[in-house]
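Residues 58 to 511 in my numbering are what the sequence shown spells out, letter by letter.
Data block below; observations after.
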Amino acid sequence: MNNGKIKSKYQMDMCHGPLGRQIIVFTIPLVLTGLLQTFFHAADLMVVGRFASHKALAAVGATTSLTWLMINVFIGLSVGTNVMVARYLGGKNRKEVSRSVHTSVYISLAGGIFLALFGILCSKFFLKLLGTPDDILNMATLYMQIYFAGMPIIMLYNFGSAILRAAGDTQRPFYFLIIGGIINVLLNLFFVIVCKMDVAGVAIATVISQAVSVWLMLNVMYKMQEGCRFTWKNLRITRKNLKEIMWIGIPTGIQGACFSFSNIIIQSSINKFGTDAIAGNTAAWQWEGLFFVAFMSLGTSVVSFVSQNLGGKQYKRITRSVNYCSFLAVGFAVFMTIMLFIFKEQSLAIFNKNPEVIEWGYTRFNILLPFIWAGGLMEVYIGGIRGMGYSITPSIIMVLGACVFRIAWVFTFFKMSPTMPMLLWSYPISWVLIAAVTGVYFLMIIKKHHITNK
């Protein structure tokens, strides 16, 4: 590197400069990128819900928890990529940066191929296992099989984005997804309205649009500097870097898979209330997804800032990064909750105007939204812990709080009172518990390393 400076105008030296401004500049494109990714799925739901049927809407929604269960292990590995690339960049070690980059791309392609084969072959079996209603089973299976056929593309995008984020570049992934998002919407409308392809059409549109985004991102990675440059001839796994990525990534991935597994248990319980309940919860979940896009973006920002500053030995900026992101997470949650309660009916009617569907969405809003701020603190604290290089303990906390607790809730409290409100209360209670425990654990790590924000 040149005097410790990062050459590309898109990359960021997170170890120096005005921290608050850097976090905002880094996070805003990340949030917008996440919103566009959510929009891929939301556009699917809006198009099939408005131009096909509420059964098509329910079919797409019924696949969500199962899909995330399968891909979360590999998304967790991409967190390991983010941590290690950022740390080596902070420590000015170009050789290890390059090895981590090429090892990560290799993992993404191999994992994507595995998930594609597994998803195509096993989709119907698992959807049946979840109790997906017979009237939407075939549609849900078709959507899931097409979606998983594009999994190598989706995995490559996630790992490539992790590499760019580690270098401080959140702008170009956002630009790429703008292009992909426009293509997705246009293809959704074409396949569903013109070609009458309902769930198959929106799945194909999603895969094609993601492929365009990946092609644009790879072109950027070919030209990157400071060890982040990707070339096919250097594509190989380096054992040392694989071990480092796995040390952070595997516990994160297992945590994500367990988190999704608990959601599957809850989804199977929601399925028992019928197609309208599935559709209403799916519509409400899309808005909740906006919260967690922002929360997870802030958590990702914390991972990158804490990792680079730990590598660069700028310890004072570590706690300040977490504090800034905590404030932003809670502020965003309060603002969005107020807006959604004011425009509750309109926000749900975007997806489907069926009064019974909207009523189920109301039920979910009323229970989850007042406590969703705790989900923001949870993501920020976990990001700070992982940025410090600790992965196993926060994963255990998340597995106990989000998986074991929720499953236990389903088989105890929900079994005693099998109503939708009783089922949904498992979410806010687990958010508050996890936020409290991870917050205390982060403070313990900071104290252990004698780090302050003074």
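Quick reminder that beta carbons are idealized off the backbone N, C-alpha and C, glycines included.
- At a Cβ-Cβ threshold of 8 Å, A224 and C315 do not count as neighbours.
- Under the three-state reduction of DSSP, Q202 is assigned to helix.
- DSSP places D226 in the coil class of the three-state scheme, outside both helix and strand.
- Following the DSSP letters along the chain, one finds G433 inside the alpha helix (DSSP H) bounded by residues W430 to G444.
- The beta-carbon distance between M208 and L178, rounded to whole angstroms, is 13 Å. This is too long to meet the 8 Å contact definition.
- The straight-line gap separating the alpha-carbon atoms of E416 and L481 is approximately 15 Å.
- Between I305 and V140, the CB-CB gap stays under 8 Å.
- DSSP places L134 in the helix class (H, G or I) of the three-state scheme.
- Between the alpha carbons of P230 and T198 lies a gap of roughly 30 Å.
- By the beta-carbon neighbour count (other beta carbons within 10 angstroms, threshold 16), V391 is exposed.
- Counting C-beta atoms within 10 angstroms of its own C-beta, S474 has fewer than 16 neighbours from the protein chains shown and is therefore classed as exposed.
- Taking a cut-off of 8 Å for Cβ pairs, the stretch 461–475 and the stretch 332–341 do not touch, as fewer than three such pairs fall below it.
- Take the alpha-carbon of S452 and the one of G444: they are about 13 Å apart.
- In this structure, I442 sits away from Y381, with a CB-CB distance that is not shorter than 8 Å.
- Of the residues V251, G258 and Y232, the one whose Cα lies closest to the Cα of V271 is Y232.
- Pairing A257 with D192, the inter-Cα distance amounts to about 16 Å.
- For S325, the enclosing alpha helix (DSSP H) has its first and last residue at R296 to N328.
- In summary, T476 is exposed, with fewer than 16 beta-carbon neighbours lying within 10 Å of its beta-carbon over all protein chains present.
- Classified as buried, V117 has 16 or more neighbouring CB atoms from the shown chains inside 10 Å of its CB.
- Contact between the stretch 413–428 and the stretch 349–356 is absent, with fewer than three C-beta pairs closer than 8 Å.
- Burial check for T288: the Cβ neighbour count within 10 Å stays below 16, so the residue is exposed.
- Only buried fits H111, as 16 or more other CB atoms lie within 10 angstroms of its CB.
- Boundaries cannot be given for Y279, as no alpha helix (DSSP H) includes it and DSSP labels it neither H nor E.
- About 35 Å separates the beta carbons of V251 and F216, which is beyond the 8 Å limit, so they are not a contact pair.
- For L166, the enclosing alpha helix (DSSP H) begins and ends at R151 to L186.
- Where N380 is concerned, the enclosing alpha helix (DSSP H) starts and stops at K373 to I399.
- A distance of 8 Å or more separates the beta carbons of R144 and I322.
- P86 counts as buried, since at least 16 other C-beta atoms from the protein chains shown sit within 10 angstroms of its C-beta.
- Closest option to T263, judged by alpha-carbon separation, among P308, T160, I210 and N366: I210.
- About 42 Å separates the beta carbon of T189 from that of T295, a gap too long to meet the 8 Å contact definition.
- Note on geometry: alpha-carbon atoms of G496 and V249 lie some 46 Å from one another.
- With contacts defined by Cβ atoms closer than 8 Å, G369 and G147 form a contacting pair.
- The residue among S448, G238 and G346 with its C-alpha nearest the C-alpha of M393 is G346.
- Of the candidates A119, I407, R293 and S448, the residue whose Cα lies closest to the Cα of I311 is S448.
- It is roughly 10 Å from the alpha-carbon of K373 to the alpha-carbon of I503.
- Under a 10 Å Cβ-count criterion, N276 is classified as exposed, with fewer than 16 other Cβ atoms of the shown protein chains found around its own Cβ.
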